[in-house]
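Taken in order, these protein sequences are the chains called A and B.
First residue of the first sequence? That's 5 in the working numbering, and the numbers climb one at a time after it.
First residue of the second sequence? That's 530 in the working numbering, and the numbers climb one at a time after it.
Idealized CB from N, CA, C, for every residue including glycine.
Notes for the one structure printed next.
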Amino acid sequence: MNKLKYFAAETWASLSKNLILAVAAVTVVAVSLGILGLVVMGWNMFSNMIKNAERKVGEVDIYLSDLATAEELQAIEAFLVSIPEVDAKTVYFKDKEEALQEFKERFKDQPELWEYIDENPLPNSYELMTKDPKDVGVVVSKVSNEAPYRERIEDIKSASAAIEKLENIFDKFRQIGVIGVIALAVISILLVSVTIQVAIFARRREIGIMKLVGATNWFIRWPFILEGVSEGLVGSALAILVALSVKVWILDRLIENLQFLRLSLTPGLMWVLIPCILLGGVLIGALGSAYALGRFLEV
Amino acid sequence: MIRMRRVTKVYKGNVYALEDVTLDIEKGEFAFLVGPSGSGKTTLIKLLIKEEEPTSGQIYIADTNINQLRKWKVPYLRRKIGCVFQDFKLLPHKTVFQNVAYAMEVIGKSRRLIEQQVPEVLKLVGLGHKLDAFPDELSGGEQQRVAIARAFINRPPILLADEPTGNVDPSLGAGIVRLLEKINSTGTTVLVATHDKNIVDTFRKRVIALENGRIIRDQDRGVYGYE
Numbered sequence: 005m006n007k008l009k010y011f012a013a014e015t016w017a018s019l020s021k022n023l024i025l026a027v028a029a030v031t032v033v034a035v036s037l038g039i040l041g042l043v044v045m046g047w048n049m050f051s052n053m054i055k056n057a058e059r060k061v062g063e064v065d066i067y068l069s070d071l072a073t074a075e076e077l078q079a080i081e082a083f084l085v086s087i088p089e090v091d092a093k094t095v096y097f098k099d100k101e102e103a104l105q106e107f108k109e110r111f112k113d114q115p116e117l118w119e120y121i122d123e124n125p126l127p128n129s130y131e132l133m134t135k136d137p138k139d140v141g142v143v144v145s146k147v148s149n150e151a152p153y154r155e156r157i158e159d160i161k162s163a164s165a166a167i168e169k170l171e172n173i174f175d176k177f178r179q180i181g182v183i184g185v186i187a188l189a190v191i192s193i194l195l196v197s198v199t200i201q202v203a204i205f206a207r208r209r210e211i212g213i214m215k216l217v218g219a220t221n222w223f224i225r226w227p228f229i230l231e232g233v234s235e236g237l238v239g240s241a242l243a244i245l246v247a248l249s250v251k252v253w254i255l256d257r258l259i260e261n262l263q264f265l266r267l268s269l270t271p272g273l274m275w276v277l278i279p280c281i282l283l284g285g286v287l288i289g290a291l292g293s294a295y296a297l298g299r300f301l302e303v
Numbered sequence: 530m531i532r533m534r535r536v537t538k539v540y541k542g543n544v545y546a547l548e549d550v551t552l553d554i555e556k557g558e559f560a561f562l563v564g565p566s567g568s569g570k571t572t573l574i575k576l577l578i579k580e581e582e583p584t585s586g587q588i589y590i591a592d593t594n595i596n597q598l599r600k601w602k603v604p605y606l607r608r609k610i611g612c613v614f615q616d617f618k619l620l621p622h623k624t625v626f627q628n629v630a631y632a633m634e635v636i637g638k639s640r641r642l643i644e645q646q647v648p649e650v651l652k653l654v655g656l657g658h659k660l661d662a663f664p665d666e667l668s669g670g671e672q673q674r675v676a677i678a679r680a681f682i683n684r685p686p687i688l689l690a691d692e693p694t695g696n697v698d699p700s701l702g703a704g705i706v707r708l709l710e711k712i713n714s715t716g717t718t719v720l721v722a723t724h725d726k727n728i729v730d731t732f733r734k735r736v737i738a739l740e741n742g743r744i745i746r747d748q749d750r751g752v753y754g755y756e
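Shown next, in the form of structure tokens:
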């Protein structure tokens with residue numbers, strides 16, 4: 005108890021003496037961990053969106069050439085129905101006229117898009133659903149490699165291709181985010197260690213005397229470690245505030261107002277994220293002081 | 530209490546600070562370590578508190594071979610040895626009381642014990658009335674008494690003093706050594722490194738003389754002996 009009081013008093017005295025440096029270190033810790041929180045929340049929201057989208061979308065559209073004859077179309081349709089992954093009931097032939105009607109319906113507010121069309125530019129197509137959305141890729145490749153009269157098939161579209169592209173873009177962002185967070189963490193560790201180095205230098209006489217009268221190495225080290233860890237903790241507390249306010253004021257509203265995007269945060273995410281940010285702060289503080297102690301405190 | 534066996538210390542650049550030193554100081558003894566500057570007095574003291582490692586030879590403190598002492602045990606060795614230096618090594622922003630209390634705080638002694646023992650020891654060194662003074666308000670002799678109080682506060686079996694009168698007014702040097710003698714009378718082994726001829730000649734204690742890192746004389750009730 006006596007020791008605890010001593011450590012707390014030493015830590016506080018040292019922190020308040022180097023206030024400006026300590027504030028800088030705390031700020032950088034807060035920024036790094038705050039960005040970590042934002043990256044994790046953004047990543048979670050996006051991957052939930054993609055998962056939702058994948059679950060719903062098993063649709064494949066096969067666009068056909070106008071040159072295809074009735075027999076050729078029949079053969080193609082028979083092939084599509086025979087693919088085991090395809091839900092046979094859903095195979096549907098949509099002719100040019102229907103496609104055009106749909107187009108007009110969808111863009112009825114912008115008649116200039118279709119008013120002046122003389123000839124229907126839209127192709128005939130087959131639409132189908134796979135039994136399982138994850139088989140979309142298999143179906144697409146079977147159609148493009150094994151279907152009869154493949155020269156009559158002009159294009160195959162599936163929502164999953166779009167999703168895949170999105171996933172790729174998103175993966176890039178995630179990598180940048182992870183690299184950024186790591187770089188910021190390293191910078192915060194270094195900044196914390198600078199404050200500890202200054203504290204060690206300021207107290208070099210005390211340290212010499214402590215060694216002289218037989219203070220153990222850990223007794224000498226503890227106040228410095230506590231100083232680093234408390235900087236990390238204050239920084240992570242600020243980061244948690246930032247993450248929580250972004251969630252409440254921005255993300256929750258986005259989720260509510262953009263329901264068609266099926267955005268969501270995994271329930272309980274914050275209960276994992278908050279302890280992780282706290283732990284990150286403690287780690288940054290401890291590593292920063294350990295680095296400074298290793299380099300500048302010979303005990 | 531202190532035993533050195535064929536101890537040699539060579540610094541970088543082949544500088545022999547100590548050469549083949551063998552020495553026994555018994556429990557409760559008082560000895561002067563004399564010799565001109567550069568004769569190896571300070572090196573010898575640094576070896577005893579394991580601030581330096583000997584190049585060869587063995588050193589025993591209270592029957593423990595300190596060469597083989599693990600690093601984490603060094604603080605416990607230092608608790609057995611009080612140290613006093615020429616430059617006092619007091620903390621300027623702490624009062625006399627706090628400076629002495631510091632030596633108890635850092636080895637985890639309770640507040641109650643500190644409040645009780647620090648004034649006692651400061652009274653012993655003759656500074657019972659200056660508990661709240663800061664070091665720069667004291668004379669060199671008084672500062673050295675604070676340093677001695679700090680070295681003695683945890684009742685170490687050994688007290689080492691490196692030129693304790695070096696920064697003290699010559700007329701007050703004898704008082705410092707008398708204080709060390711008083712501490713010696715409580716059973717503490719005291720070794721005083723000095724090149725203060727007057728003091729050595731006045732007190733007529735055991736004299737161990739070093740020259741160029743070798744012991745050239747070791748006599749009871751000796752004198753300084755250098756001109």
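Query: Local conformation of residue 94(A) per DSSP, three classes; Result: helix
Query: Beta-carbon contacts of residue 292(A) that lie in its chain and below 6 Å, excluding the five residues immediately before and after; Result: 193, 196, 197, 232
Query: Chain A contact for residue 582(B) (CB, 8 Å cutoff); Result: no
Query: Those residues which DSSP pairs with residue 611(B) across a bridge; Result: 688(B)
Query: Between the CA atoms of residue 276(A) and residue 88(A) - distance to the nearest angstrom; Result: 42 Å
Query: N- and C-terminal bounds of the beta strand (DSSP E) containing residue 587(B); Result: 585-590
Query: Reference residue 353(A), options 269(A), 217(A), 223(A), closest by Cα; Result: Outside the modelled stretch of chain A, which goes from 5 to 303, sits residue 353(A), for which no answer is possible.
Query: Run of the beta strand (DSSP E) containing residue 9(A), from where it starts to where it stops; Result: Element bounds for residue 9(A): not the beta strand (DSSP E) but the alpha helix (DSSP H), 6-21.
Query: Residues of the segment 595-608 of chain B whose Cβ lies closer than 9 Å to any Cβ of chain A, in chain order; Result: 600, 601, 603, 604, 605, 606, 607, 608
Query: Member of 252(A), 220(A), 90(A) whose CA lies at the smallest distance from the CA of residue 637(B); Result: 220(A)
Query: Residue 54(A) vs residue 167(A) beta-carbon contact at 8 Å; Result: yes
Query: At least three beta-carbon pairs within less than 8 Å, the segment 696-711 of chain B to the segment 535-549 of chain B; Result: no
Query: Distance, residue 600(B) Cα to residue 552(B) Cα; Result: 24 Å
Query: Residue 634(B) at chain A interface by Cβ criterion, 8 Å; Result: yes
Query: Under the three-state DSSP convention, the category residue 617(B) falls into; Result: coil
Query: Residue 606(B) versus residue 659(B) - alpha carbon distance; Result: 31 Å
Query: Closest by C-alpha distance to residue 237(A), when choosing among 21(A), 296(A), 26(A), 22(A); Result: 26(A)
Query: Three-state class that DSSP yields for residue 162(A) in the structure shown; Result: strand
Query: Contact the segment 667-685 of chain B vs the segment 602-622 of chain B: 3+ CB pairs below 8 Å; Result: yes
Query: Against chain B: residues of the segment 202-227 of chain A by CB proximity under 9 Å; Result: 209, 210, 212, 213, 214, 215, 216, 217, 218, 219, 220, 221, 222, 223, 224
Query: Distance between residue 248(A) and residue 119(A) (C-alpha atoms, nearest Å); Result: 51 Å
Query: Cβ neighbours of residue 557(B) in the same chain (closer than 7 Å, five flanking residues each side left out); Result: 716, 718
Query: Where residue 288(A) sits in the DSSP three-state scheme; Result: helix
Query: Euclidean distance between Cα positions of residue 751(B) and residue 14(A); Result: 48 Å
Query: Option in 98(A), 227(A), 235(A) with minimal Cα separation from residue 70(A); Result: 98(A)
Query: Contact set between residue 639(B) and chain A, taken where Cβ atoms lie within less than 8 Å; Result: 6
Query: Cβ neighbour criterion (16 or more within 10 Å) applied to residue 279(A); Result: exposed
Query: 8 Å Cβ cut-off: residues of chain B touching residue 10(A); Result: 634
Query: Residue range of the alpha helix (DSSP H) that includes residue 644(B); Result: 640-653
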